[in-house]
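Protein chains in written order, with my numbering: chain A, 1 to 373; chain B, 374 to 799.
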């Protein structure tokens, strides 16, 4: 896919992730013991052979910039091409802030103009999946499509969750005949994954056209408005995919890592997932440790009882502590004899000795970054 | 601009007493501590001490080591000015030669040091496990206006005769050096960390090169020469954890030190990180049938069985009902179900079949090489395949790249060995 470049959209303001996205872009949300959400979108591109990747970013992007750095962990610290991060900027033409996904790309049109690749893959930085885009590009070329959208039967999503997706209707030739963004009553569970393939030149002209009309959203103002005018095709993806757009989805997809099939699909099958390294020593389990069905990252010291949980790097679980069905992020400490059930602890949380916190399976209790309980 | 201090790491060591562990790679490249290679400690010490120019002298089986070090990225030693340089033996216009000793290795690379324009050169060994701030040693060296400063550690009197012993005045000036003395006068052992003023070292190296009797070794020739010439040499006392993991027993013990509750050697210090190329693997997974106590487990492992008192490297799979005790399992190996691995070092990418037992029975003297294999620890090399239902005793040596055909029996008694056909004699 040397003839393809990539753009990763990092998401707008999101309140449905609650405290987890207060201080960070939802693409920078920690996931699965050692990753951040964007690692998946970025590694998928790299594993597909894409070497020229731009990331427009807006909301609380500090942690995202810190995470991506020069792109060296993804082998994107290249002399030519590589990784480009685009925070919003002020100029004599604009107010600075990106007013939507299309505006974010339009504001960085220079990047698209200067690149030389024929195709562009656009994806979202907050979805967890492992996919190579080669096959989708083949279909795009075969069908002579203007835009190909990756879609999936969302059989494993609730009715409520479907209302946050874009529902797609296609004909037998895969051509899209209807696209309903976030419908109140979804008529099917076949929905867009927010992954698009489009010719670079066509993208540039569509962005210019929509900007000229004062439109800013890629989905509402370009895809839906041009549904009949352009040749839009659906590409069906059959694998695992979870957008981290709600606390429930976030919690569920973390917990699904305890399933070996999901882990195999996400980390082994189509390619490795790269992330920023932390140089932590291997996890240490002391004598009293009881660990059942857990994912545990480097740098942890486990002395307590941990069950059905995801434990990030550098976490300390002290003697007598009981942690069940929880997600414990980097650097948190669970004190002696404390007990947690259905909790999400953000980074560097301290749970004092003998504290008890219980959330609900559907509404896990979230403890914000750096809080001492 | 002149550099105050650059480092040279001696990494050509064969580590012959590590048996099959160092048969295919140099001792500094041997895996250690759940994710590291031994040389990582010295390299990390350098960068943590503010040394940004490091030459690594290689000779014995350097492939793995070269690959590991690369351009020095994990240690932040990929620099425009300085950085890490691998210094392998090379041919000259009229002849080429191997490094005949540690001093000769440095002598042959005088041009490298001159090019770096260094005031002081610290000579380090790539096969020791320790954390040390060389910048403090440099301060001490400068304070004493020393020609050379030698780092020393206090050892037990009964062990002192195994080391090079420094006899010093009360304030630390060295007046005598004894290599492996029968009746040691002091317990200050040299750690193989030498800091020299470069002009002094250069002079010594040149004169050592011309001496035909010399074996061109730092400990045997250069240091005695310093003493003999009554140079200004000082002993720098070091009191932390320091191990020359040169034998199978000391290698195993030092790894096992890491699983204690508060290890003497702390890898968790955020201000003195040990760097190594990080494997690209997800966090480790312990299943509901898994049980892990008193162990360290690296990323990418999948544990379905029991692990206790053990060190497990990245990407290892331990299947259901397997029991691992007091063992070291290196990267990407698989231990199949119902196997019982006890007091065993298992090399990289090795597969142990189902129902295999190791470390079984009483100790027996090694019939393969009793100088190398002299404790109850069984060693299995890398990329080997141990067939199902094999019973292996204590102190057994099993070669690298062994497959089922190399086994003549499913019972390998204590003290015996399985080696590749062409290398039966040690």
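The beta-carbon is built from N, C-alpha and C at its ideal position, and this holds for glycine as well. As the structure is a prediction and not an experimental result, all values here were calculated from the model.
- Counting other Cβ atoms within 10 Å of its Cβ, residue 444 of chain B stays below 16 and is therefore classed as exposed.
- Note on residue 421 of chain B: 16 or more other CB atoms within 10 angstroms of its CB, so buried under the neighbour-count rule.
- Interface criterion not met: the Cβ of residue 719 of chain B is under 7 Å from no Cβ in chain A.
- Apart from the 5 residues on each side of it in sequence, residue 636 of chain B sits with its Cβ closer than 7 Å to the Cβ of 630 in its chain, given in chain order.
- The region 103-123 of chain A makes contact with the region 80-90 of chain A, as at least three CB pairs between them are under 8 Å.
- Boundaries of the beta strand (DSSP E) around residue 539 of chain B: 537-541.
- Going by beta carbons, residue 469 of chain B and residue 589 of chain B fall outside the 7 Å limit.
- When A:217, A:164, A:306, A:261 are compared, the shortest CA-CA separation from residue 245 of chain A is found for A:164.
- Two segments are said to touch when three or more pairs of C-beta atoms, one from each, lie closer than 8 Å; by this definition the region 246-257 of chain A touches the region 23-34 of chain A.
- When the alpha-carbon of residue 515 of chain B is set against those of B:750, B:528, B:568, B:792, the nearest one is in B:568.
- At a C-beta separation below 7 Å, residue 661 of chain B has these neighbours in chain A: 292, 293.
- By the Cβ criterion, the region 52-68 of chain A is in contact with the region 1-11 of chain A, since at least three pairs of Cβ atoms, one from each stretch, lie closer than 8 Å.
- Closer than 8 Å at the C-beta level to chain A, one finds these residues of the region 398-427 of chain B: 406, 407, 408.
- If you ignore the 5 residues before and after residue 204 of chain A, its C-beta comes within less than 8 Å of the C-beta of 109, 112, 113, all in its own chain and listed in chain order.
- Take residue 350 of chain A, set aside five residues on each side of it, and the residues of its chain with a beta-carbon closer than 6 Å to its own are 333, 372, in chain order.
- At a beta-carbon threshold of 7 Å, the residues of chain B lying near residue 283 of chain A are 657, 669, 670, ordered along the chain.
- In chain order, 399, 401, 412, 429, 430, 431, 438, 499 place their CB closer than 7 Å to the CB of residue 384 of chain B, counting only its own chain and leaving out the 5 sequence neighbours on each side.
- In this model, residue 480 of chain B and residue 486 of chain B are separated by some 10 Å (Cα to Cα).
- Rounded to the nearest angstrom, the Cβ distance from residue 441 of chain B to residue 643 of chain B is 24 Å, too far for a contact under 8 Å.
- Chain B has no Cβ within less than 7 Å of the Cβ of residue 333 of chain A.
- For residue 278 of chain A, same chain residues with a beta-carbon under 6 Å away, outside a window of 5 residues either side, are 313 in chain order.
- Three or more pairs of CB atoms, one per stretch, sit closer than 8 Å, so the region 595-611 of chain B contacts the region 510-528 of chain B.
- Secondary structure in the region 31-117 of chain A: the beta strand (DSSP E) runs of 3 residues or longer, each lying completely within the stretch, are 52-56, 82-86 in chain order.
- Residues of chain B with a Cβ closer than 8 Å to the Cβ of residue 104 of chain A do not exist, since the nearest Cβ in that chain sits about 30 Å away.
- Where residue 551 of chain B is concerned, the enclosing beta strand (DSSP E) starts and stops at 547-552.
- At least 7 Å separates the CB of residue 393 of chain B from every CB of chain A.
- At least one CB atom of chain A sits nearer than 7 Å to the CB of residue 646 of chain B.
- Using a Cβ-Cβ distance cut-off of 8 Å, the region 124-131 of chain A and the region 216-223 of chain A are not in contact, since fewer than three pairs of beta carbons, one from each stretch, lie closer than that value.
- In this chain, residue 148 of chain A is not harboured by any alpha helix (DSSP H); it is covered by the beta strand (DSSP E) spanning 147-153.
- Under the Cβ criterion of 7 Å, residue 296 of chain A is counted among the residues facing chain B.
- Note that the region 531-540 of chain B touches the region 557-566 of chain B; at least 3 beta-carbon pairs, one per stretch, sit closer than 8 Å.
- For residue 454 of chain B, the secondary structure class from DSSP, reduced to helix, strand or coil, is coil.
- In summary, the residues of the region 269-281 of chain A whose CB is separated from some CB of chain B by less than 9 Å are 272, 273, 274, 275, 277, 278, 279, 280, 281, in the order they occur in the chain.
- Between residue 324 of chain A and residue 336 of chain A a beta carbon distance of about 17 Å is seen, past the 8 Å cut, so the two are scored as non-contacting.
- Neighbours of residue 32 of chain A in chain B, taken as residues whose beta carbon is under 9 Å from its own, are 655, 656 in chain order.
- Against residue 263 of chain A, the close residues of chain B are 655, 658, in the order they occur along the chain (beta-carbon pairs closer than 8 Å).
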